[in-house]
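Following our numbering, the numbering of the sequence shown begins with 266 at its first residue and continues without gaps. Ideal placement from N, C-alpha and C gives every residue a C-beta, glycine not left out.
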Amino acid sequence: MISETNQAILQSGRDSIKLQREKIEAQRQAVILQNKIEERKVELKRANRENKEKAWRAYFKTPEDCLSYKSDKHMVECANMRIRAKKEFEEKWLENQQ
Numbered sequence: 266m267i268s269e270t271n272q273a274i275l276q277s278g279r280d281s282i283k284l285q286r287e288k289i290e291a292q293r294q295a296v297i298l299q300n301k302i303e304e305r306k307v308e309l310k311r312a313n314r315e316n317k318e319k320a321w322r323a324y325f326k327t328p329e330d331c332l333s334y335k336s337d338k339h340m341v342e343c344a345n346m347r348i349r350a351k352k353e354f355e356e357k358w359l360e361n362q363q
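See the structure below:
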């Protein structure tokens, strides 16, 4: 028969092991949660990027006149028009994000 002291020691060891297992499980759950948070952040960034691209395509349509360049000067004018439109779009996009 095991003495009371030995039983107390065994119980203390069992309790310690149980606490260690609970701590390990809590850490494992924390890692799982952190991974889910990171995955969600990535999903949100991707969705935001897709929404922004979709909004840009709806905002800016290349004018018929710029589908085929007549000269280098005409090409520069079309490129500058697109750059100005993109800048304006970016400013509006940022305003709407705040």
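Sufficient close CB pairs (3 or more, under 8 Å) joining the region 324-331 to the region 295-309:
no
Same chain, Cβ closer than 6 Å to residue 286, neighbours up to 5 away in sequence not counted:
none
Go through its chain and collect everything with a Cβ distance to residue 340's Cβ below 6 Å, but skip five positions before and after it.
334
Beta-carbon separation (whole angstroms), residue 358 vs residue 317, contact threshold 8 Å
6 Å
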